[in-house]
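Residue numbers (this note's numbering): 140 to 472.
The structure appears below as structure tokens.
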């Protein structure tokens, strides 16, 4: 229950949208413990790929601090020593050629020196199954990670094996991770992480709450949901291109972002890492539905402001409940 729009948003963020602080702390602690377990695999097992722990990295929305409730997965890349392996970028995928006589040579496709990401994933699964604190380890349906289910928490871990490259001719290096089809692909979660931090700092910390609110909005509406990572980057592009500083009043920012989505959903949403290109794969009819929903809700924000300007916080909060649904706080009579 809330008596003003500002207190309603503060309550909504604290109790519904943002992660529970205890869950976040528990996830970080258990993630660090799990890393220690995985780091021990290559010491215990001669057939396990050697670790390159200095380049391990956390990734995904939890690491970027853009995750919303409920906390369901925590992602990490476990980096491996290449042992002389080389890679070739085919555009659609990356192949990795293992050096004979190394541990990695045992994970190649049959009759080939090309490293199979599926075989590497299955080796991770085999040894993660032996860790008693977890219920089960399964290769993720998309073939890119091992999903580890916890016995005592609500979230799972997605563990991705990968390599860290030397610098290419463009001066960049990358992480090479499974692509879901037995080979590999490039990524660089450092760029995603740094982009979120840079944009939020430029706007004096006023971006993350709005970003999470809009991810909640994207998830709850009957219009087609934009894939979370794509949606996040569309909103970040809005803040990246703005010359003015974001407002401390999150309701004002929500309204501006809804206006932006109305048009931006029709345009390409580029991968900020420069790897995937345009990530906006929605069909035109889906884009239209998202645009109409954003436009309708943007108009409701104007109504909410007008009610608030007149001191009618009950009606203003009612309008915000139309936008964000029944979990948005009711007016405190």
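Quick reminder that beta carbons are idealized off the backbone N, C-alpha and C, glycines included.
Predicted model, so just to flag it, every value in this text is computed and none were measured.
In this structure, the beta-carbon distance from residue 297 to residue 279 falls below 8 Å. Secondary structure at residue 324: strand, using DSSP grouped into helix, strand and coil.
For the set 156, 140, 142, 141, the Cα lying nearest the Cα of residue 349 is the one of 156. Where residue 152 is concerned, there is no enclosing alpha helix (DSSP H), because DSSP gives it neither an H nor an E. Secondary structure at residue 194: helix, using DSSP grouped into helix, strand and coil. Secondary structure at residue 210: coil, using DSSP grouped into helix, strand and coil. If you look at residue 378, you'll find it in the alpha helix (DSSP H) that goes 367–380. Apart from the 5 residues on each side of it in sequence, residue 305 sits with its Cβ closer than 8 Å to the Cβ of 312 in its chain, given in chain order. By the C-beta density criterion, residue 319 is buried, having at least 16 other C-beta atoms within 10 angstroms. Three or more beta-carbon pairs separated by less than 8 Å link the segment 392–409 to the segment 420–437, which places the two stretches in contact. Taking residue 471 as the centre and dropping the five residues before and after it, the same chain places the C-beta of 140, 141, 142 closer than 7 Å to its C-beta, in chain order. Ranked by Cα distance from residue 423, the first of 328, 362, 468 is 362. Taking every protein chain shown into account, the CB of residue 262 has 16 or more other CB atoms within 10 angstroms, so this residue is buried. Looking from the CA of residue 315, the closest CA among 232, 324, 227, 337 belongs to 324. Taking 4 residues as the minimum length, the alpha helix (DSSP H) runs contained wholly in the segment 202–286 are 256–267, in order along the chain. Excluding the 5 residues flanking it on each side, residue 467 has same chain C-beta neighbours closer than 6 Å at 151, 459, 460, in chain order. When the five nearest sequence neighbours on each side are left out, the beta carbons in the same chain lying within less than 7 Å of the beta carbon of residue 384 are those of 342, 343, in order along the chain. Here residue 441 is exposed: its Cβ has fewer than 16 other Cβ atoms, across all protein chains shown, within 10 Å. In terms of Cβ geometry, residue 148 and residue 435 do not form a close pair [threshold 8 Å].
With respect to the 8 Å criterion, residue 166 and residue 201 are classified as neighbours on the basis of their beta carbons. Boundaries of the beta strand (DSSP E) harbouring residue 314: 314–317, taken from the DSSP string. Here the alpha carbons of residue 154 and residue 145 stand approximately 14 Å from one another. DSSP, read as helix, strand or coil, puts residue 289 in strand. When secondary structure is reduced to three states using DSSP, residue 415 falls in the coil class, being assigned neither helix nor strand. Assignment of beta-bridge partners to residue 300 by DSSP yields 217.
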